[in-house]
Amino acid sequence: MQAGTAFLRAGSVTGMSEELPGFPYHPDPLATGAVVASSTTCVCCGKARGFIYTGPVYAVENLSNLLCPWCIADGSAAAKYDAHFIGDPVGDDVPLEVVMSVDACTPGFSSWQDSRWFFHCGDGTAFMGAVGAAELAAFPDAREELRSEAGAWGWSAEAVESYLEALDKDGQPTGYLFRCRTCGRYMAYADFT
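Here it is as structure tokens:
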């Protein structure tokens, strides 16, 4: 996946020339569908900036499709609404400020169940997007991780392989791919309803 969001200008939708903010832990939220072109006014800043966040928001108020990427990036949406954007963090030995940055200043992603976010090498990983069996073939480390996860459920080797081959980035079960920002290792988890 390409990390080209920093070069897309909101002006292509609204006439403004402001660049989308960069997200080190979610490098291309346009490609993953977490951010879409929209004329919706952000409830946090009151501006229609040409893009809106479509991923999950964990807050008391219903903020679905109402926050702009800028209010997520600068932490103002998290501060104003006590909002969080990721599900469960996975990994240890990560400084609290890293977990907070990922949780409060990074667009999350929609999944079939509660999403998870990997932490590795003392840092948050970069979410690369949803993957199916075809896409996962290019990431053997991530595929092996999914094999181990499904094997731990007590499934037979045949059932695990069948499950891995059934992964569908646009259907279910779906895999979610991450890349360690330090060592470059790919990891994944999968879920379904």
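Quick note: the sequence shown uses numbering that gives the first Met the number 0, first residue 0, plus one each step. Even glycine gets a Cβ: it sits at the ideal position worked out from N, Cα and C.
Residue i vs residue j beta-carbon contact at 8 Å
i: N61; j: T39; result: no
i: W116; j: D190; result: no
i: A129; j: K168; result: yes
i: T53; j: V42; result: no
i: C44; j: C67; result: yes
i: L135; j: G174; result: yes
i: I85; j: V101; result: yes
i: R184; j: A125; result: no
Residue i burial status per 10 Å Cβ neighbour count (16 or more: buried)
i: T192; result: exposed
i: G49; result: buried
i: M99; result: exposed
i: A5; result: The predicted model places A5 with a pLDDT of 37, which falls under 50 and marks its position as unreliable; any figure quoted below should be read in that light. Looking at its Cβ environment, which holds fewer than 16 other Cβ atoms inside 10 Å, A5 is exposed.
i: E18; result: exposed
i: S16; result: Residue confidence for S16 is low, a pLDDT of 42 falling below 50, so the modelled location carries little weight; the figure read from the coordinates is stated next. That one is exposed.
i: D92; result: exposed
i: E157; result: exposed
i: G14; result: Annotation note: pLDDT 45 at G14 (below 50); position unreliable, coordinate value reported separately. Per the 10 Å Cβ criterion, exposed.
Those residues which DSSP pairs with residue i across a bridge
i: F118; result: G123
i: D87; result: R115
i: L66; result: Y52
i: A129; result: Y175
i: V42; result: Its beta-bridge partners do not exist; DSSP assigns none.
i: A205; result: Limits of the chain in this structure are 0 at one end and 192 at the other, which puts residue 205 out of reach.
First through last residue of the beta strand (DSSP E) which encompasses residue i
i: A187; result: Y185 to D190
i: G174; result: T173 to C179
i: V59; result: Premise fails: V59 is in no beta strand (DSSP E) and is neither H nor E.
i: Y52; result: F50 to Y52
i: A76; result: No beta strand (DSSP E) holds A76; the alpha helix (DSSP H) holding it covers S75 to Y80.
Delimiting residues of the alpha helix (DSSP H) encompassing residue i
i: V97; result: L95 to C104
i: V159; result: A156 to A165
i: A141; result: P139 to G150
i: A30; result: P28 to T31
Anticipated Cβ contact below 8 Å, residue i with residue j, distance rounded
i: A133; j: L176; result: About 12 Å separates the two Cβ atoms, so there is no contact after all.
i: P20; j: A72; result: 4 Å
i: F108; j: T31; result: 6 Å
i: L163; j: R146; result: 6 Å
i: H119; j: M186; result: 7 Å
i: P28; j: P106; result: 5 Å
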